[in-house]
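Here's the structure, in structure tokens; my notes come after.
There are 2 protein chains.
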Amino acid sequence: MPPITNKLIDGLSEKSRSLVLNRCKLVSLEVGEILCEPEQRFLYAYFPLSSFISLLALLNARQTLEMGLIGNEGILGSTLVLGVDRSAMQGVVQGAGDALRLTVTDLRQLLQECPDLHRTVANYLFVLMSQLPRSSACIHFHHIKARLARWLLMSHDRAHADHFNITHQDIANILGVRRSGVTVAAGALQKRHLINYSRGEIEILDRKGLEEASCECYSAVKSDYTQMLG
Amino acid sequence: MPPITNKLIDGLSEKSRSLVLNRCKLVSLEVGEILCEPEQRFLYAYFPLSSFISLLALLNARQTLEMGLIGNEGILGSTLVLGVDRSAMQGVVQGAGDALRLTVTDLRQLLQECPDLHRTVANYLFVLMSQLPRSSACIHFHHIKARLARWLLMSHDRAHADHFNITHQDIANILGVRRSGVTVAAGALQKRHLINYSRGEIEILDRKGLEEASCECYSAVKSDYTQMLG
DNA sequence: GAATTTCTGTGCGCTATCGAACTTAGTAGT
DNA sequence: ACTACTAAGTTCGATAGCGCACAGAAATTC
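Okay, here's the thing in structure tokens:
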């Protein structure tokens, strides 16, 4: 199995890539670690490798909603291309694993030094914000089962493994629904042998089937991404 | 009554302001005019004056959702600071009136020439995208009546008048609900003497009352804006 | 191995909203 | 003045998801 790299970094010129990698520190992220808080300044940017990060909108303690996922196809902290070192959402580690960490000041400097890095991060930010309207519409118009299937597919892509750990309660916070609503939806997917789970461990059995159970939003967002970032 | 100006332009240095205004053309926008389509390139950016513009997420012909409003506090086309001349959403004129129009190429050049314009538009784009998670959560968790009250307040701010024109059907498309759902919600607000309407003309009678009927999202977004852009 | 905590399954009544239809009331056209 | 149209009011059954509560099952702690 080849080592997992970050696709944004992979796409850079050799020169930029080495400049970036020189400033990066390999860190290992734990599930639940909070990397940035809405409205507040952040100190580090992260290029996920095997880890992935969830972007949550927090309305209050009980009402939360995931607006995006960042895996090794992206970067947490892309708002720095706008010169803003604040995040609009909470960034919390959803999948444990490695990431490359940069300080905000280093990334600021690199964005000036490497035009291709600037271009890449700007494009990524645009893709990320383009997803938000789609996510909103999906959350509003689509049913829990379809949304759950979509979320499982997105996580599967970023987890680089057929199984990952998360409880129904955590999924409920991500989808903005009741825990028992997730149990019912997940039970339906399991009955169809699309997934398998027990006590916080989910296994993906049938991607094709999940894609059918999911709304079109999964493939729509995915093709948006490839169109913009190859 | 003083003439309505654009606040982003007002905040620029004299030099930048005149550079910008030299490239602008005063245009008058009609309700329903479509200024940009999702995914597609746009040719002009707009600084609304007395007009205002709705940003719609289009899931399909029947399912639409407003994600933001741009009045004289903003600009349509802010993604150009990312070097991207595509919009993530559909921009459609919601309030008739004037706007200052710029070509994409002119704005591109101005963003390079005027650092303060670049800073301003970058900040505005950040505020705009910060609103999206809040809007999503609001759409998902809050009731139609509160969302309608919020929308009326936001439109009132940008219409610079106590009455404006829109039908229940159009509001339904904005809120992503049935037309008759809007009728019921609007009827309740009218019964409380907060608004008055008939056949596509809405009058705001009691702002304070509307603020109470609305969710906290109205004031939250407003204070976000002033914090970032003064 | 007993006690406690965490995760999951399930049931029940409730409510906001839906989809669809039909009615009433203004407005505009000729 | 008659017609046609568009906007708004209202009803009705259906339903997805809610809030809440409780119970079983697996893991963890002591």
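Going line by line, the protein sequences match chains Z and D.
Just so you know, the working numbering puts the end of the first sequence at 230, numbered straight through with nothing missing.
Just so you know, the working numbering puts the end of the second sequence at 1230, numbered straight through with nothing missing.
We put the CB at the ideal spot given by N, CA and C, even for glycine.
The structure displayed is predicted, hence computed values, not measured ones.
Count the C-beta pairs between the segment 28-48 of chain Z and the segment 132-142 of chain Z that are closer than 8 Å, then say yes if the count reaches three, no if not. no
What does residue 1140 of chain D touch in chain Z if you count any residue whose Cβ is under 7 Å from its own? Position 140 of the second sequence holds residue 1140 of chain D. Per Cβ cutoff of 7 Å: 65, 139, 140 and 176.
Chain-ordered residues of the segment 67-85 of chain Z with a beta carbon less than 8 Å from chain D: 67, 79, 81, 82, 83 and 84
Select from Z/133, Z/122 and Z/66 the residue whose C-alpha is nearest the C-alpha of residue 1080 of chain D. Translated into the one-based positions of the second sequence, residue 1080 of chain D becomes position 80. It is Z/122 whose Cα lies nearest to the Cα of residue 1080 of chain D.
Buried or exposed by the 16-neighbour rule on C-beta atoms within 10 Å, applied to residue 1198 of chain D: Reading the second sequence from its first residue, position 198 is the one you call residue 1198 of chain D. Exposed: under 16 other Cβ atoms inside 10 Å.
Under 7 Å (Cβ pairs) to chain Z, residues found in the segment 1083-1106 of chain D: 1083, 1084, 1088 and 1089
Output needed in chain order: residues of the segment 1016-1043 of chain D with a Cβ under 7 Å from some Cβ in chain Z. The residues in question: there are none.
Quick one: using the 10 Å Cβ neighbour count with 16 as the cut-off for buried, is residue 1088 of chain D buried or exposed? Looking up residue 1088 of chain D in the second sequence gives position 88. It counts as buried.
Alpha carbon to alpha carbon, how far is residue 72 of chain Z from residue 52 of chain Z? Within the first sequence, numbered from 1, the residue matching residue 72 of chain Z stands at position 72. Within the first sequence, numbered from 1, the residue matching residue 52 of chain Z stands at position 52. If you take the alpha carbons of residue 72 of chain Z and residue 52 of chain Z, they lie about 7 Å apart.
Stretch-stretch touch, CB-based, cutoff 8 Å, three pairs: the segment 1197-1215 of chain D with the segment 1160-1175 of chain D: yes
Residue-chain proximity (residue 1129 of chain D, chain Z), Cβ-Cβ < 9 Å: Here residue 1129 of chain D corresponds to residue number 129 of the second sequence, with the count starting at 1. Residue 1129 of chain D counts as touching chain Z.
What residues from chain Z crowd round residue 1115 of chain D, counting only those whose CB sits closer than 7 Å? Walking along the second sequence from the start, residue 1115 of chain D turns up at place 115. Correct list: empty, because the minimum Cβ distance to chain Z is about 10 Å.
Can the beta-carbon of residue 232 of chain Z be found closer than 9 Å to that of residue 44 of chain Z? No answer is possible for residue 232 of chain Z: the residues shown for chain Z start at 1 and end at 230.
So what's residue 1153 of chain D in DSSP terms, helix, strand or just coil? Numbered from its first residue, the second sequence carries residue 1153 of chain D at position 153. Helix.
For residue 1034 of chain D, which three-state DSSP category applies? Here residue 1034 of chain D is taken as the residue at index 34 of the second sequence, counted from 1. Residue 1034 of chain D: strand per DSSP, three-state reduction.
What are the boundary residues of the beta strand (DSSP E) that includes residue 231 of chain Z? There is simply no residue 231 of chain Z to check, as chain Z begins at 1 and stops at 230 in what is shown.
Confirm, please, whether the CB-CB distance from residue 1183 of chain D to residue 1168 of chain D is below 9 Å. Taking the first residue of the second sequence as 1, we reach residue 1168 of chain D at position 168. Taking the first residue of the second sequence as 1, we reach residue 1183 of chain D at position 183. Yes; because the gap between Cβ atoms is below 9 Å, this pair is in contact.
Do residue 1109 of chain D and residue 1055 of chain D have their C-beta atoms closer together than 9 Å? Here residue 1109 of chain D refers to the residue found at position 109 of the second sequence. Here residue 1055 of chain D refers to the residue found at position 55 of the second sequence. The answer is no: Cβ separation not under 9 Å.
Rounding to the nearest angstrom, what Cα-Cα distance links residue 133 of chain Z and residue 1224 of chain D in this structure? Taking the first sequence and counting its residues from 1, the one referred to as residue 133 of chain Z is at position 133. Taking the second sequence and counting its residues from 1, the one referred to as residue 1224 of chain D is at position 224. Approximately 19 Å between the Cα atoms of the pair.
Who are the neighbours of residue 3 of chain Z on chain D, taking C-beta pairs under 9 Å? As a working mapping, residue 3 of chain Z is identified with position 3 in the first sequence. For residue 3 of chain Z, none of the residues of chain D pass the 9 Å Cβ criterion, the least Cβ distance being about 31 Å.
Residues of chain D with CB closer than 7 Å to the CB of residue 229 of chain Z, please, in chain order. Position 229 of the first sequence, counted from the start, is the residue given in the question as residue 229 of chain Z. The premise fails here: residue 229 of chain Z is roughly 12 Å from chain D at the closest Cβ pair, so nothing lies under 7 Å.
Does the pairing of the segment 1058-1077 of chain D with the segment 1111-1118 of chain D give three or more beta-carbon distances under 8 Å? no
Contact check, residue 1086 of chain D vs residue 1040 of chain D, beta carbons under 9 Å: The sequence position of residue 1086 of chain D within the second sequence is 86, counting from 1. The sequence position of residue 1040 of chain D within the second sequence is 40, counting from 1. Yes, these two residues count as a Cβ contact at 9 Å.
What separation, rounded to the nearest whole angstrom, lies between the Cα atoms of residue 95 of chain Z and residue 50 of chain Z? Counted from its first residue, the first sequence places residue 95 of chain Z at position 95. Counted from its first residue, the first sequence places residue 50 of chain Z at position 50. If you draw a straight line from the Cα of residue 95 of chain Z to the Cα of residue 50 of chain Z, it is about 8 Å long.
Would you say residue 1065 of chain D and residue 137 of chain Z are within 9 Å of each other, going by their C-beta atoms? In the second sequence, the residue the question calls residue 1065 of chain D occupies position 65. In the first sequence, the residue the question calls residue 137 of chain Z occupies position 137. Going by C-beta atoms, residue 1065 of chain D is nearer than 9 Å to residue 137 of chain Z.
Please identify the residue among Z/166, Z/116 and Z/24 whose C-alpha is closest to the C-alpha of residue 98 of chain Z. Residue 98 of chain Z sits at position 98 when you count from the first residue of the first sequence. Looking at Z/166, Z/116 and Z/24, the one whose alpha-carbon comes closest to that of residue 98 of chain Z is Z/24.
C-beta atoms of residue 22 of chain Z and residue 48 of chain Z nearer than 9 Å: As a first step, residue 22 of chain Z must be located in the first sequence, where it is residue number 22. As a first step, residue 48 of chain Z must be located in the first sequence, where it is residue number 48. Contact annotation: residue 22 of chain Z and residue 48 of chain Z have beta-carbon atoms that are not nearer than 9 Å.
Of the listed residues Z/185, Z/147, Z/196 and Z/189, nearest to residue 175 of chain Z (C-alpha basis): Taking the first residue of the first sequence as position 1, residue 175 of chain Z is located at position 175. Per the Cα distances, Z/147.
Beta-carbon contacts of residue 1057 of chain D that lie in its chain and below 6 Å, excluding the five residues immediately before and after: Within the second sequence, the letter at position 57 stands for residue 1057 of chain D. Contacts found: 1065, 1067 and 1089.
If you run the structure through DSSP and keep just helix, strand and coil, what is residue 163 of chain Z? Position 163 of the first sequence holds residue 163 of chain Z. Note: residue 163 of chain Z maps to strand in three-state DSSP.
For residue 30 of chain Z, which residues in the same chain have their Cβ closer than 8 Å to its Cβ, ignoring the five residues on either side in sequence? Indexing the first sequence from 1 puts residue 30 of chain Z at position 30. Around residue 30 of chain Z: 93 and 96.
Interface residues of the segment 194-212 of chain Z facing chain D [CB-CB below 7 Å]: none
Quick check: residue 9 of chain Z and residue 20 of chain Z, are their CB atoms within less than 9 Å of each other? Mapped onto the first sequence, residue 9 of chain Z falls at position 9. Mapped onto the first sequence, residue 20 of chain Z falls at position 20. Cβ distance < 9 Å, so residue 9 of chain Z and residue 20 of chain Z count as in contact.
Rounded to a whole number of angstroms, what is the C-alpha to C-alpha distance between residue 150 of chain Z and residue 216 of chain Z? Your numbering for residue 150 of chain Z matches position 150 in the first sequence. Your numbering for residue 216 of chain Z matches position 216 in the first sequence. Rounded to whole angstroms, the gap between the alpha carbons of residue 150 of chain Z and residue 216 of chain Z is 9 Å.
Contacting positions in the segment 1049-1060 of chain D - beta carbon closer than 7 Å to chain Z: The segment 1049-1060 of chain D vs chain Z, Cβ under 7 Å: 1057 and 1059.
Thinking just about the alpha-carbon of each residue, which of D/1185, D/1180, D/1042 and D/1210 is nearest to the one in residue 1154 of chain D? Position 154 of the second sequence holds residue 1154 of chain D. Of D/1185, D/1180, D/1042 and D/1210, the residue nearest in Cα terms is D/1210.
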